[in-house]
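See structure below.
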Amino acid sequence: MADLHELENGGHTHAHAFDSKAVRKEIWKVTIYLTILTIVELILGFVMMGWEEESFKRHFVKGIILILMFWKAFYIIGYFMHLRHEVRNMILVIGLPATFFIWFIIAFLADGSSYKHLREKYDPYKTELYQLPMPKHEEQGEKKEIKPEEKPAQPQQQ
Amino acid sequence: MSVAVREQKRSAWGGGYSPFKVEYGKLMMWFFLLSDSFTFGALLISYLTTRFATMGWPDPNKVFKSYPGASEFANAPLVFVSVMTFILIISSVTMVLAVQAGKEMNKKAVIKYTLFTIIGGLLFLSCQAWEWTHLYREGAWWGRNPFPNFDGSLSSPNFTNFFFTITGFHGFHVFSGVIINIVMLIMAFVMYSKKEDII
């Protein structure tokens, strides 16, 4: 009977079988790690805001922020969601399907980029449309004064 | 007799053995989380694909630059978004603490931390409601995009379509979490003897 109970609880024999103080200490430690990582990411985000687009140092800082985000995700999934304390097979059952994302991201970004280049080559009308300046944003009060037939046609692209 | 049978069954595939050493509910929660991550992954990857296929895109630092109570000309990019991210991190901490309190059979702490988690979720949803209202008043909605591209050229409504769809899905995800937490709070109030059941 005791065995059956153990089986239903998935092998966790008793609620007090672990040191709760150590677990709570770990939770607060991870919270502080996550806070520090978030603040560092924010500082990097503010620092690079004024930098030139497409410059090497901007890409470099973006890469650092990506690595920090992966680090944060590892802490949240591993400690807050307890995955690190599970059996190895359990970690693999959840972790291996998630690696599909590597393929998804590479394949779909390549697809989007190839679509863009094909369109630039065979449908230059769209490219020209993108060069048009955005019509000036009208204030709400002014908008009401314009009659429907006078309203300039706003080309919307798909 | 029964002891002899049991000795033979001690293989991973022979039954009488929990290979993952997790409860049924926890295993199903992990499968739900995996499927949820694929749902959001699909949304985000479709957004990335469209962004890679589009020639220009609005500058998020110019779109998300306001916060509640700010003047019309406030220029504080990232600030309100960071506050919302931090609310989510803190509410996940209180959720973990509530689970831990449940394992310690500490009913009072379970109620306290579940309540904090619910407040955190509601706070996030309120922030999102403000942000959506603010953007709607600026003229942004599904199919409408008032923000020009980085270089001032004409932008497509893809930007607002993806923004409202993805944050809408995420808001629904948070909202359902708040509802489930409220149910668990009621269960924590009702259950006296078996407090570990609520986790």
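Top to bottom, those sequences are chains A and B. Take the first sequence: its position 39, counting from 1, is numbered 39 in this note's numbering, and each next residue is one higher. Take the second sequence: its position 49, counting from 1, is numbered 1049 in this note's numbering, and each next residue is one higher. Cβ atoms here follow ideal geometry from the backbone N, Cα and C, with glycine treated the same way.
How big is the Cα-Cα spacing for residue i and residue j?
i: asparagine 1061(B); j: phenylalanine 1147(B); result: 11 Å
i: isoleucine 105(A); j: leucine 1078(B); result: 25 Å
i: asparagine 89(A); j: serine 1018(B); result: 11 Å
i: alanine 1109(B); j: lysine 25(A); result: 16 Å
i: leucine 92(A); j: methionine 48(A); result: 37 Å
i: leucine 947(B); j: leucine 1115(B); result: A query on residue 947(B) cannot be resolved here, the shown segment of chain B reaching from 1001 to 1199 and no further.
i: phenylalanine 56(A); j: leucine 66(A); result: 15 Å
i: lysine 1065(B); j: lysine 1026(B); result: 40 Å
i: leucine 1154(B); j: threonine 1054(B); result: 12 Å
i: proline 135(A); j: tryptophan 1141(B); result: 17 Å
i: proline 1068(B); j: tryptophan 1130(B); result: 7 Å
i: valine 1190(B); j: histidine 1173(B); result: 26 Å
i: serine 1002(B); j: valine 87(A); result: Note that serine 1002(B) has pLDDT 47, beneath the 50 cutoff, so the model's placement of it is unreliable and the number below is only indicative. C-alpha separation (whole angstroms): 28 Å.
i: lysine 121(A); j: aspartate 111(A); result: 15 Å
i: phenylalanine 1162(B); j: leucine 109(A); result: 16 Å
i: leucine 44(A); j: valine 61(A); result: 7 Å
i: isoleucine 1090(B); j: tyrosine 75(A); result: 14 Å
i: threonine 1039(B); j: tyrosine 1047(B); result: 13 Å
i: glycine 1015(B); j: proline 1157(B); result: 56 Å
i: isoleucine 1045(B); j: valine 23(A); result: 36 Å
i: glycine 63(A); j: leucine 42(A); result: 14 Å
i: glycine 1143(B); j: isoleucine 1119(B); result: 33 Å
i: isoleucine 102(A); j: asparagine 1106(B); result: 42 Å
i: valine 1083(B); j: serine 1092(B); result: 14 Å
By Cβ distance below 8 Å, which residues in the same chain neighbour residue i in space, the five residues on each side in sequence not counted?
i: phenylalanine 80(A); result: Ile27, Val30
i: glutamate 52(A); result: Arg58
i: threonine 38(A); result: Lys72
Which residues of chain A have a Cβ atom closer than 7 Å to the Cβ of residue i, listed in chain order?
i: methionine 1184(B); result: Those do not exist, as methionine 1184(B) stays about 17 Å from chain A at its closest Cβ, beyond 7 Å.
i: phenylalanine 1086(B); result: Thr38
i: glycine 1056(B); result: Tyr130
Can you tell me which residues form a DSSP beta bridge with residue i?
i: tryptophan 173(A); result: The first residue shown for chain A is 1 and the last is 158, placing residue 173(A) beyond what the model contains.
i: proline 133(A); result: Ser1153(B)
Quick one: list the residues of chain A neighbouring residue i, beta-carbon separation under 8 Å, in chain order.
i: leucine 1135(B); result: The premise fails here: leucine 1135(B) is roughly 13 Å from chain A at the closest Cβ pair, so nothing lies under 8 Å.
i: leucine 1034(B); result: Ile94, Pro97, Ala98
Residues in its own chain within less than 7 Å of residue i by CB, not counting five upstream and five downstream?
i: glutamate 1138(B); result: Pro1146
i: isoleucine 94(A); result: Leu83
i: leucine 1123(B); result: Ile1087
i: threonine 33(A); result: The identity of residue 33(A) in the sequence shown is tyrosine, whereas the question assumes threonine. So the list reads Tyr75, once near-sequence residues are dropped.
Counting only the same chain and skipping the five closest in sequence on each side, list residues whose C-beta sits under 6 Å from that of residue i.
i: lysine 126(A); result: Arg119
i: histidine 1170(B); result: none
i: leucine 1097(B); result: Tyr1113
i: alanine 1074(B); result: Ser1066
i: isoleucine 77(A); result: Leu83
At 9 Å on the CB atoms, spell out the chain A contacts of residue i, in chain order.
i: serine 1071(B); result: Per Cβ cutoff of 9 Å: no residues; serine 1071(B) is ~16 Å from chain A at best.
List the residues of chain B that residue i touches, going by C-beta distances under 9 Å, in chain order.
i: arginine 84(A); result: Those do not exist, as arginine 84(A) stays about 13 Å from chain B at its closest Cβ, beyond 9 Å.
i: isoleucine 27(A); result: Val1093, Val1096, Leu1097, Gln1100
Less than 8 Å between the CB of residue i and some heavy atom of the ligand SAM, yes or no?
i: cysteine 1127(B); result: As far as ligands go, the structure on display features none, and thus does not contain the ligand SAM.
Find the residues of chain B that neighbour residue i, judging by a C-beta separation of less than 8 Å, and give them in chain order.
i: serine 113(A); result: Phe1052, Ala1053
i: phenylalanine 46(A); result: Leu1078
Starting from residue i, find everything on chain B with Cβ-Cβ shorter than 7 Å and list it in chain order.
i: tyrosine 75(A); result: Going along chain B, no residue has its Cβ under 7 Å from tyrosine 75(A), so there is no contact; the nearest lies around 10 Å.
i: phenylalanine 104(A); result: Gly1041, Ile1045
i: arginine 24(A); result: Gln1100
i: proline 124(A); result: The premise fails here: proline 124(A) is roughly 12 Å from chain B at the closest Cβ pair, so nothing lies under 7 Å.
Please list the segments of the alpha helix (DSSP H) lying wholly inside the segment 1018-1077 of chain B, counting only runs of 4 or more residues, in order along the chain. Here the runs fully enclosed are 1024-1053, 1060-1063.
Where are the alpha helix (DSSP H) runs, 4 residues long or more, that stay fully inside the segment 1080-1165 of chain B, in chain order? Assignment of alpha helix (DSSP H) within the segment 1080-1165 of chain B, counting only whole runs of 4 or more residues, yields 1107-1137 in chain order.
4-residue-minimum alpha helix (DSSP H) runs that sit fully inside the segment 22-102 of chain A, ordered along the chain: Unbroken alpha helix (DSSP H) runs of no fewer than 4 residues, entirely contained in the segment 22-102 of chain A, are found at 56-75, 88-98, following chain order.
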